[in-house]
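Let me begin by presenting the structure, written as structure tokens, before commenting on it.
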Amino acid sequence: MIEEDKGGVYQIVNKINGKRYIGSSKKLLIRFQEHKNNLRKNTHCNKHLQQAWNKYGEDNFIISTISLLEESELVPSEQRLIDSYIFKELYNLKPKADRLMTGFRHSENTKRKMSLSRKNYKHSEDTKRKISIAHIGRKRSKEEIENRIILKIERDKDNPNRIRGKNNPFYGKKHTEETKKKISKANKGRSHTKETKLKMRNKSIERWASKKELFNV
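Take the sequence shown: its position 166, counted from the start at 1, is 222 in my numbering, and no numbers get skipped.
Following this line, the structure appears as structure tokens:
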């Protein structure tokens, strides 16, 4: 499994027709999750990739690392790979690797506007149907589950109160007995890797330390 601080060049490949998107990132694991989250929400900035994802379904796409690289090598390597394909074989929006976005950070105001636009966004009934069909019978892999756990830990570090208390959409609600049984059944026999266990342990220690400080224990 890729460590979240590793950078490199990657691809998102359509298993049906071989068409692909080529990109690079300083943090591959986080970038992979960003792609998946946006594609699943139908809010991806690349309309060609989004349309293909909606048409063929998530199970017909695979995201993989091509090579692990230092930050200074990312854009040149991405460009060489793009140049090695006929452009119409790619989902990339343009034939040049985007140097302007390397290390780019949106302003807080821009982030807020992007967040509001996504909150107010609603899928069409046709898109909902396609997303539903694409997920029928699909089970998340062990690696995908662990990646989501690690990503959550990283996000909680940046904003620990993001979904706590009344900010949590499940605040004041309770699972039904049937739901509890389903969750229990889904988690039976599942085991985390040593890396994930260590991260979860460290996170628990951080929470306990913050509580001790808060309550003066």
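Glycine included, C-beta positions come from ideal geometry on N, C-alpha and C.
Check: Exposed unless 16 or more other CB atoms sit within 10 angstroms - verdict on N258; Outcome: exposed
Check: Residue burial classification, H91 (beta-carbon count within 10 angstroms, cutoff 16); Outcome: buried
Check: Distance between E233 and N94 (C-alpha atoms, nearest Å); Outcome: 32 Å
Check: For N70, the residue or residues it bridges with in DSSP; Outcome: F117
Check: Reduced DSSP category for L125 - H, G, I as helix; E, B as strand; rest coil; Outcome: coil
Check: Where Q107 falls, given that 16 or more other Cβ within 10 Å makes a residue buried; Outcome: exposed
Check: Cβ-based neighbour list, W109, same chain, cut-off 7 Å, excluding 5 preceding and 5 following; Outcome: L95 and F117
Check: Beta-ladder partner(s) of Y227, from DSSP; Outcome: Beta-bridge pairing links Y227 to no other residue.
Check: Within 8 Å, strictly: CB atoms of L130 and S80; Outcome: yes
Check: Three-way DSSP call (helix, strand, coil) for S260 in this model; Outcome: helix
Check: Backbone secondary structure at L85 - three-state DSSP; Outcome: helix
Check: Through-space distance from Y227 to S247, alpha-carbon basis; Outcome: 28 Å
Check: For I78: DSSP bridge partner residues; Outcome: Q67
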